[in-house]
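Trainee: Numbering (mature numbering (1 follows the signal peptide of the UniProt record, and there is no 0)), first residue to last: -22 to -1, 1 to 456.
Glycine residues also receive a C-beta, built at the ideal position from the N, C-alpha and C atoms.
Bear in mind the structure is a predicted one, so any value in this text is a computation, not a measurement.
First, the structure itself, so that you have it in front of you.
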């Protein structure tokens, strides 16, 4: 262990902050965040651990230490209370001071009881900007151990975060080679040392290998797994340009196209590569299940909104929301569905008619802009306005639908019933009542539909309304 900590690691670290230069002086002062994880377990021994700290002090003399150059962090594995982060010093003298505190058991920063947790600590805290890690610097982790440790998924996770991992195994009693292999980024970053003389033989080879690795364009690492290209943006930074359907730093995350909830009318979404498939329920079809198969001919729909004072502004807002939800599930167009909107109270106001050149988005905007009238409820006049609209603008062979949204209260029940019957008998309209408010008069509403109880629904069931609408119009004969 002593052999590693004095000669071998010096060669590793000297080589691994080489940034595209062949001159060793430039290499030793380029930006690099280097973390030492030093095994302090009983199998290593306290004497070897102390010698490793002496080695780190000596190594610091070879580097240009500072916020624009090289920064060190050291933590022990078996007792991670000992260590310090990149931002806890600014000068080389301060760095050496912190290392001496570790030697004297004075520096405590948390506790983890195994090597794997130390790797989690490295990912979440050490290589974190809040603790002084720099986004432009190469990240290097050097683990020094005899291999008698548990290693899980930590190394792979760190490598995915662009941390260059070195596994250094040393023990006169033999090293667990498999463990060291799991730590390192590649076999070229694995070193097993059995005695001091062997270290001197591998030093130069290690320097050459490490510097060659660090001179490479990071885009050559092959980490952009589903990308059209990789752009090297300087130092340790690069950007993967993902192919369609993938995201993430390395383009390794398949975008779930179903997250946007594209399937309408209760359709089930199946995610595919850069695509999705909607499995539609009975009576619906289309890419997004947006088309109802029962629409055998065009349909003209008028939404009739109750703006009287008995409704109040809260329920009026719910009426708007209901209409917008229904609109989202209709195929709007001259050959499909045309929509009009009317608000009634003391007076009646047409927000937009069948001839208004609105798409769904424009209709939603128009619905949002409708003002609450706050007067009495003259529903008969409103039905008469709807009748005029059907007579003047409705298509001759279209299915005619009137959707009345109100609380069941009206100032002219007799006239309202007469005009509702006129819509049904003269224009062949089907009237649906959507109930709002706490004191809804259900029987009066049923009378307005021509006695069809199934056509009276509550306001929080837009999909049920659509299903009932389809079932109703599919039985209509022209």
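In the DSSP assignment, the beta strand (DSSP E) including residue 206 goes from what residue to what residue?
Mentor: Residue 206 -> beta strand (DSSP E) spans 205 to 212.
Trainee: Please classify residue 178: is it buried, with 16 or more other beta-carbons within 10 angstroms of its beta-carbon, or exposed?
Mentor: Because the pLDDT of residue 178 is 37, which lies under 50, any placement of that residue in the model is unreliable, and the number read from its coordinates should be weighed accordingly. Its Cβ having fewer than 16 others within 10 Å, residue 178 is exposed.
Trainee: For residue 198, is the classification buried or exposed, using 16 other Cβ atoms within 10 angstroms of its Cβ as the cut-off for buried?
Mentor: When all chains shown are included, residue 198 counts as exposed.
Trainee: Quick one: what's got a C-beta closer than 6 Å to residue 149's C-beta in the same chain, skipping five residues either side?
Mentor: Hits under 6 Å: 124.
Trainee: Ordered along the chain, which non-local residues of its own chain (more than five positions away) have a Cβ less than 7 Å from that of residue 67?
Mentor: Once the five neighbours on either side are set aside, the close Cβ partners of residue 67 are 73, 76.
Trainee: Mark residue 433 as exposed unless 16 or more other C-beta atoms lie within 10 angstroms of its C-beta, in which case mark it buried.
Mentor: Classification of residue 433: buried, given that the 10 Å Cβ count is 16 or more.
Trainee: Distance cutoff 8 Å, beta carbons only. Does residue 312 sit that close to anything in chain B?
Mentor: The question asks about chain B, but that chain is absent: this structure has only one protein chain.
Trainee: Restricting to Cα atoms, I'd like to know which of 24, 97, 396 is closest to residue 356.
Mentor: Answer by Cα proximity: 396.
Trainee: When we look at the beta-carbon of residue 409 and count the other beta-carbons within 10 Å, is it buried (16 or more) or exposed?
Mentor: Buried, since its Cβ has 16 or more Cβ neighbours within 10 Å.
Trainee: Roughly how many angstroms separate the alpha carbons of residue -17 and residue 24, rounded to a whole number?
Mentor: With a pLDDT of 45 at residue -17, under the threshold of 50, the predicted position of this residue should be treated as unreliable, and no value is reported.
Trainee: Please classify residue 169: is it buried, with 16 or more other beta-carbons within 10 angstroms of its beta-carbon, or exposed?
Mentor: Residue 169 is buried by the Cβ-count criterion.
Trainee: With distance defined between alpha-carbon atoms, name the residue in 227, 221, 229, 257 nearest to residue 457.
Mentor: In the structure as shown, the chain starts at -22 and stops at 456, and residue 457 therefore has no counterpart that could be examined.
Trainee: Looking at the structure shown, is residue 101 part of a helix, part of a strand, or coil, going by DSSP?
Mentor: The answer is helix: DSSP assigns residue 101 an H, G or I state.
Trainee: Report buried or exposed for residue 449, applying the criterion of at least 16 other Cβ atoms within 10 angstroms of its Cβ.
Mentor: Classification of residue 449: exposed, given that the 10 Å Cβ count is below 16.
Trainee: Alpha carbon to alpha carbon, how far is residue 375 from residue 297? Give it in angstroms, no decimals.
Mentor: Each residue's Cα considered, the two are about 29 Å apart.
Trainee: In terms of residue numbering, what span does the beta strand (DSSP E) encompassing residue 116 cover?
Mentor: From DSSP, the beta strand (DSSP E) with residue 116 extends over 116 to 123.
Trainee: Checking 8 Å against the spacing of the C-beta atoms, do residue 401 and residue 364 come in under that value?
Mentor: Yes, the pair counts as a contact, with Cβ atoms nearer than the cut-off.
Trainee: Going by CA-CA distance only, name the one from 44, 40, 93 that's closest to residue 53.
Mentor: Comparing Cα-Cα distances from residue 53 to each of 44, 40, 93, the minimum goes to 93.
Trainee: Are residue 336 and residue 371 close, meaning C-beta to C-beta below 8 Å?
Mentor: No, the Cβ-Cβ distance between residue 336 and residue 371 is not below 8 Å.
Trainee: Going by DSSP, name the residue or residues bridged to residue 63.
Mentor: According to DSSP, which records beta bridges pairwise, residue 63 is partnered with nothing at all.
Trainee: Here's a check: name, in chain order, each residue in its chain whose Cβ is nearer than 6 Å to the Cβ of residue 359, leaving out the five neighbours to either side.
Mentor: The residues are 326.
Trainee: Could you tell me the alpha carbon to alpha carbon distance between residue 289 and residue 338, rounded to whole angstroms?
Mentor: About 26 Å.
Trainee: Look at the Cβ atom of residue 41, then the Cβ atom of residue 48, and state whether they are nearer than 8 Å.
Mentor: Contact: yes.
Trainee: In whole angstroms, what is the alpha-carbon distance linking residue 10 and residue 195?
Mentor: Approximately 16 Å between the Cα atoms of the pair.
Trainee: When the Cα atoms are used, what is the spatial distance from residue 221 to residue 377?
Mentor: Computed Cα separation, rounded: 46 Å.
Trainee: Classify residue 307 as helix, strand or coil using the three-state DSSP reduction.
Mentor: Residue state, collapsed to three classes: coil.
Trainee: Which residues does DSSP pair with residue 14 in a beta bridge?
Mentor: In DSSP, residue 14 forms a bridge with 52, 120.
Trainee: What does the alpha-carbon distance come out to for the pair residue 55 and residue 17?
Mentor: Roughly 5 Å between the two C-alpha positions.
Trainee: Helix, strand or coil for residue 393, going by three-state DSSP, please let me know.
Mentor: It is helical.
Trainee: On the DSSP letters alone, give me the boundaries of the beta strand (DSSP E) that residue 145 sits inside.
Mentor: 141 to 148 is the extent of the beta strand (DSSP E) around residue 145.
Trainee: Per the DSSP calculation, residue 20 is bridged to which residue(s)?
Mentor: Its beta-bridge partners do not exist; DSSP assigns none.
Trainee: Beta carbon of residue 267, beta carbon of residue 245: below 8 Å?
Mentor: Cβ atoms of residue 267 and residue 245: closer than 8 Å.
Trainee: Closer than 7 Å by C-beta to residue 373: which residues in its own chain qualify, once you throw out the five before and the five after it? Chain order, please.
Mentor: So the list reads 276, 278, once near-sequence residues are dropped.
Trainee: With a Cβ-Cβ cutoff of 8 Å, do residue 459 and residue 104 count as a contact?
Mentor: Nothing in the structure corresponds to residue 459, since the chain is present only between -22 and 456.
Trainee: Using the C-alpha atoms, what's the distance from residue 106 back to residue 13?
Mentor: The alpha-carbon atoms of residue 13 and residue 106 are separated by roughly 12 Å.
Trainee: For residue 100, count neighbouring Cβ atoms within 10 angstroms of its own Cβ and tell me buried if that reaches 16, exposed if not.
Mentor: Residue 100 comes out buried.
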